[in-house]
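Structure first, then comments.
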Amino acid sequence: MKNRAFHKELKTFRLGGVHPQDNKLSASAPLAQLPLPKQVTIPIIQHIGAPAKVVVQRGDTVRVGQVIAQHEGFISSNIHASCSGRIGIIEEVMDSSGFKHLAVNIRVKGDDWLETIDRTDTLVEGISLSRDEIVARVMEAGVVGMGGAGFPSHAKIKVPEGKTIDTLIINGVECEPYLTADHRLMLEKPREIIVGVRILMRALGVSRAIIGIEDNKHDAIELFDEWLREDKQIEVQPLEVQYPQGGEKQLIQAVLDREVPSGGLPADVGVIVHNVGTTFAIYEAVQKNKPLVERVVTVTGKDVKQPSNFWVRIGTPVIELITAAGGLPESTGKVVSGGPMMGKAIADLEVPVAKGTSGILMIAQAETKRAEEYNCVHCGKCIEACPMGLEPYRLLLLSKAGQSEKSKRENVLDCIECGSCSFVCPSNRPILDYIRLSKTKVKKLK
Amino acid sequence: MSQSLLTVAPSPHIHTELTIPQVMRGVIIAMVPALLVSVYNFGLGAVYVTGLSILFCAGAEWIICKYLLKREPSIADGSAVITGMLLAFNVPSNLPWHIILIGSLVSVGIGKMSFGGLGNNPFNPALVGRVFLLLSFPVEMTSWPQAVATWSLDGTTGATPLGILKDGLRAGETVPALMPQMPSYTDFFFGFQGGSLGEMSAFALLIGLGYMLYRKIITWHIPVTMIATVFVMTGIFWFIDPTRFASPLFHVLTGGVMLGAIFMATDYVTSPVSHKGMIVFAIGCGVLTVLIRLFGAYPEGVSFAILIMNAFVPLINTYLKPVRYGRKK
Amino acid sequence: MNDVVIYTVLSLTGIGLLAAVVLYYVSKKFHVTEDERIARVEAVLPNTNCGGCGQPGCHAFAEAVVKSGDLSVLHCPVGGNPVMKQVAEVLGVKAVEKDPYIAVVRCSGSFEYRKKTNVYDGAPSCAIAAQLYSGDTGCAYGCLGMGDCVVACDFEAMYMDEKTGLPVIIEDKCTACNACVKSCPKDILELWPKGKKNQRIYVACLNEEKGSTARKECAVACSGCAKCAEACRYEAITIDHNLATIDPDKCKLCAECIDTCDVRNIVATNFSPEKLQQASEHRQKREERERKKREEEKAQATANNNPEPTV
Chain A
25 MKNRAFHKEL KTFRLGGVHP QDNKLSASAP LAQLPLPKQV TIPIIQHIGA PAKVVVQRGD
85 TVRVGQVIAQ HEGFISSNIH ASCSGRIGII EEVMDSSGFK HLAVNIRVKG DDWLETIDRT
145 DTLVEGISLS RDEIVARVME AGVVGMGGAG FPSHAKIKVP EGKTIDTLII NGVECEPYLT
205 ADHRLMLEKP REIIVGVRIL MRALGVSRAI IGIEDNKHDA IELFDEWLRE DKQIEVQPLE
265 VQYPQGGEKQ LIQAVLDREV PSGGLPADVG VIVHNVGTTF AIYEAVQKNK PLVERVVTVT
325 GKDVKQPSNF WVRIGTPVIE LITAAGGLPE STGKVVSGGP MMGKAIADLE VPVAKGTSGI
385 LMIAQAETKR AEEYNCVHCG KCIEACPMGL EPYRLLLLSK AGQSEKSKRE NVLDCIECGS
445 CSFVCPSNRP ILDYIRLSKT KVKKLK
Chain B
1484 MSQSLLTVAP SPHIHTELTI PQVMRGVIIA MVPALLVSVY NFGLGAVYVT GLSILFCAGA
1544 EWIICKYLLK REPSIADGSA VITGMLLAFN VPSNLPWHII LIGSLVSVGI GKMSFGGLGN
1604 NPFNPALVGR VFLLLSFPVE MTSWPQAVAT WSLDGTTGAT PLGILKDGLR AGETVPALMP
1664 QMPSYTDFFF GFQGGSLGEM SAFALLIGLG YMLYRKIITW HIPVTMIATV FVMTGIFWFI
1724 DPTRFASPLF HVLTGGVMLG AIFMATDYVT SPVSHKGMIV FAIGCGVLTV LIRLFGAYPE
1784 GVSFAILIMN AFVPLINTYL KPVRYGRKK
Chain C
50 MNDVVIYTVL SLTGIGLLAA VVLYYVSKKF HVTEDERIAR VEAVLPNTNC GGCGQPGCHA
110 FAEAVVKSGD LSVLHCPVGG NPVMKQVAEV LGVKAVEKDP YIAVVRCSGS FEYRKKTNVY
170 DGAPSCAIAA QLYSGDTGCA YGCLGMGDCV VACDFEAMYM DEKTGLPVII EDKCTACNAC
230 VKSCPKDILE LWPKGKKNQR IYVACLNEEK GSTARKECAV ACSGCAKCAE ACRYEAITID
290 HNLATIDPDK CKLCAECIDT CDVRNIVATN FSPEKLQQAS EHRQKREERE RKKREEEKAQ
350 ATANNNPEPT V
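Protein chains in written order, with the numbering used here: chain A, 25 to 470; chain B, 1484 to 1812; chain C, 50 to 360.
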């Protein structure tokens, strides 16, 4: 009899960490299909790497799943039509990054899918493809990391030359407050996710996979434990609730007690980490031949009428999601794409949902407005909170003084921008703002 | 809502509740038990000294901000009130008002504002004031009223346990012979001893420590390490020669060790930032305290020890870095 | 007692003598011969260490200029021609005259013209805001208004105008040291030839959007309509990416383009209103002449192309 997950000792990462209120308001809202919007605007860069090249023209008719922008090179990703209809204007529009990027507009008409796509809910368990075929299929389907960073997934399944991977970690942590997209997906699609894990294991050639889930999602831990009762290769690891456990480096430290060397990749310590959302998308890409055209988005906030989790087509304007959740509350100060700790505040509600949009969060002005800033009192709370063992207060001062060389020596590039330092600073100092600036300057130094 | 504009700022978009005014309020609350013990022991004197000290410190900061620095007065952050309370905690409860005024001016004016206000002072302001007074008014600063609840401003004065010990040893007596002249350990613990206003009761101070740890205002590193260092070091000397050295428990419970370790060495501004640094700092404070007490001219050395270690803080911060992730060799 | 005094005096004198010998020896042994001209050049430089010349400071500039002896590349923008003349005298070479420059603000999107589309609540630094997003107004090219340039200015030659939200350059104080230009994440600031009689003409806009979009974002944005370019007799104005740019080397400061701009966003500094009025009339007359000429030519061409109808 295998050791049941919920009897296991909770693990967590060793350095730093903070405990913001988790506010998972939408945890009990089942996944619901968002009605099709009238038009979608699909940015052609939703990933790290080269932008895709547009292969459609204004006036073309497209079907759901059809490639509208082809990847350029290996570190790039395909972009598919998420709705059927006629291609509208192709121009630079504001997206959730806060800048204008080229995007393809589709005037939605009907819901006409490519017939190669299996849209049924039946679970397909048998994996018939070889390692290379899996990589090709994932690449074709345009799957990217759905935790937010957006690194093309096929590049992460291909084991780098000269590296051996021994463990696959599935990130079901969802440590950002408010967000519940991964949680709901785990509750409603556990078997699909498990098949996805097996696909990834086959592609990577590993025999051990660990699904890391934080202890505030007890139901998901128990569910996976139940389905994995007979499985000898995949296990569930419950984790203490602590932010930023979902950071790749922190998760690896929590689960395996390994440290990714500075400037290195998880593969350097024999680990590959994939998010549960990505794992599900990979299952659909490989088993159902379905490209990444929709994703789960949490729409939430303390004053939101119905905090919800929606299946949303990529490119849907954010305002549609907000309307479906009961409209923008009166108190709203910020609308954030992503979680409150690392998400981006958006200025315009017409921006489209992208592959990396895990949530739309409406925060009240009273809660999010930055308070008066005091002098640094050297309390050391930012150091205590930093999961990378940096000295944020010092990095702030160096950044203000424009001392890029010194910042580099203080390892500013190790910063993962989790925001813990700014979160805890009792003097309300904009620590991370300045650290980010410093990182940009240091990168230019080379 | 659709009419008003959305706010945009870099992440994170939420912030902890514990900001500077909250922290300062927390520290003030943590000092209340010790103040109550003082009021019980010294009656109106304690109230009078503490009140004046807070008033003078806050007033000094307000005047300096308003008329010298010409900027928005910063007393709302509460740090001047803490300086005032700490200064009062470090002086006898029968101190005349003009000495309190001088102490407050030195604390806030020289100790804090001359460096640019909150966050920039290298030395603990209250201790700067206290040491200044100790050197300038040695008689007034060491005439300790006895711990009897007298609701008048006059009372009998006497020496602190540490003073009795020092003078006794100088006169050639042994520790066991001096012990009967002093209150019992229980009295030390609950605060029936002579001494400065705030250092009466280890028990009350420990309640304050508990509160600050619970509110996560401070970590255990400095207070625990400093008290442990004093305990261990005096313990070693006591073990070597119990006739010349008092017991470790005596040293920990008397004088300002508790007050210093809990409220003064932990001052954010003048203590190191990393945990490693805090431990080194606290060990330094402990060792210096013991050395001054056992071998120095003064019976008590906590203030000097902390001030000396304050000077080392920038050095400690530069050389004791936190453990970096992913940079193990 | 006397002995003590004597010993003290003797030993201290001894220590002093010993130290003097050591110091003398060390200063001889490790003497660095530096070209004495470096010190003399440094003496005539402004010694503000602003870095406007591209060197880390005035001493480095002096070293570099003495080493190369070439004044065509190295130039102190703060001291300008008078200082460079003195430097040339020290070095015994011919001075190279350079036109003085000044910083100009290439954005006119004041609060009035450029409506806010969101409220920025991050750290008050243009560099940080620019890294986060395209800005708190519709215009992604315009000034962010938090004054990184004012902070960067070592000469107190700039301030932020609270009414417009734009930086203002104080002409007499600006030394063209380039610090503000480097500090601006949107490249609003630019060094521009100070011009004859301090007169200069430039387009105060950098918006590259299509005309209609640009005007939606900012009421005085350059729409790239090219009227100014057509009016220019010297081909000094080019339209690139829907944006008019004046080439200061070609511009003859005739000011005839100024009132062709329908949002009056071609800035002409230190021109009297009469002069501008004159220039405008001048241009209109010239255009009138050209129009007539064209009409005549056209009539001529029509006449030529249509020979008398055959019967």
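Every residue, glycine too, gets a C-beta built ideally from N, C-alpha and C.
Note that the structure is predicted; figures quoted are calculated from it, not measured.
In the DSSP assignment, A:R319 is bridged to A:V336.
In this structure, the alpha-carbon of C:I151 lies about 32 Å from that of C:S261.
When DSSP states are grouped into helix, strand and coil, A:R253 belongs to the coil group.
Judged by DSSP secondary structure, A:V359 falls within the beta strand (DSSP E) whose first and last residues are 356-361. For A:E216, the enclosing alpha helix (DSSP H) covers residues 214-228.
Boundaries of the alpha helix (DSSP H) harbouring C:Y73: 51-78, taken from the DSSP string. Short of 8 Å from the beta carbon of A:E434, and not among the five residues preceding or following it, lie these beta carbons of its own chain, in chain order: L414, E415, R418, L419, L422. About 7 Å separates the CB atoms of B:K1699 and B:L1501; that is less than 8 Å, so the two are in contact. Taken in chain order, the whole alpha helix (DSSP H) runs of length 4 or more contained in the stretch 1597-1670 of chain B are 1608-1619, 1621-1624, 1644-1653, 1658-1661.
For B:P1495, no Cβ of chain C is located within less than 8 Å of the residue's own Cβ. The CB of C:G196 never comes closer than 7 Å to any CB in chain B; the least such distance is about 18 Å. Distance between A:A233 and A:V295, taken at the CA atoms: about 10 Å. The beta carbon of A:N299 does not come within 8 Å of any beta carbon belonging to chain B, so the residue lies off that interface. Between the stretch 1694-1710 of chain B and the stretch 1523-1534 of chain B there are fewer than three inter-stretch CB-CB distances shorter than 8 Å, so the stretches are not counted as touching.
Look at the stretch 1484-1546 of chain B and you find these whole runs of beta strand (DSSP E), each 3 residues long or longer: 1489-1491. Rounded to the nearest whole angstrom, the C-alpha separation of C:A225 and C:V312 is 28 Å.
Assignment of A:L55 by DSSP, reduced to helix, strand and coil, places it in the strand class. Contacts with chain C (Cβ-Cβ distance below 7 Å) from the stretch 111-138 of chain A involve G122, F123, K124, listed in chain order. When Cβ-Cβ separations below 8 Å define contact, A:D249 makes no contact with chain C. Within 10 angstroms of the beta-carbon of A:T340 lie 16 or more other beta-carbons, which makes it buried. For C:L181, the nearest beta carbon of chain B is closer than 8 Å to its own beta carbon. Judged by beta-carbon spacing, A:L385 lies within the 8 Å limit of A:P364, meaning their Cβ atoms are closer than that value. Using beta-carbon distances, B:T1726 does not count as an interface residue toward chain A, since no partner is under 8 Å. Under the three-state reduction of DSSP output, C:I218 falls in the strand class. The stretch 165-172 of chain A and the stretch 98-106 of chain A touch, with three or more beta-carbon pairs separated by less than 8 Å.
Going by DSSP, C:R340 is part of the alpha helix (DSSP H) stretching over 322-354. Contact between A:I111 and A:V128 holds, with the beta-carbon distance rounding to 6 Å and staying under 8 Å.
Any Cβ of chain C closer than 8 Å to the Cβ of A:K393 would place that residue at the interface, and such an atom is present.
Only those residues of the stretch 306-326 of chain A whose C-beta falls short of 7 Å from the nearest C-beta of chain B would be listed, and there are none. Assigned with DSSP and collapsed to three states, A:Y307 falls in helix.
Checking the DSSP bridge columns, you'll see C:M209 partnered with C:P216. DSSP places B:W1580 in the uninterrupted alpha helix (DSSP H) bounded by 1580-1587. Annotation for A:K314: I141, E308 place their beta carbon closer than 6 Å to its own, counting only its chain and skipping 5 residues before and after. Note that the C-beta distance between B:S1587 and B:F1620 is not below 8 Å.
When the five nearest sequence neighbours on each side are left out, the beta carbons in the same chain lying within less than 8 Å of the beta carbon of A:R337 are those of L58, L60, P61, V64, S106, C107, V317, E318, V377, in order along the chain. Counting only the Cα atoms, C:A270 lies some 33 Å from A:G426.
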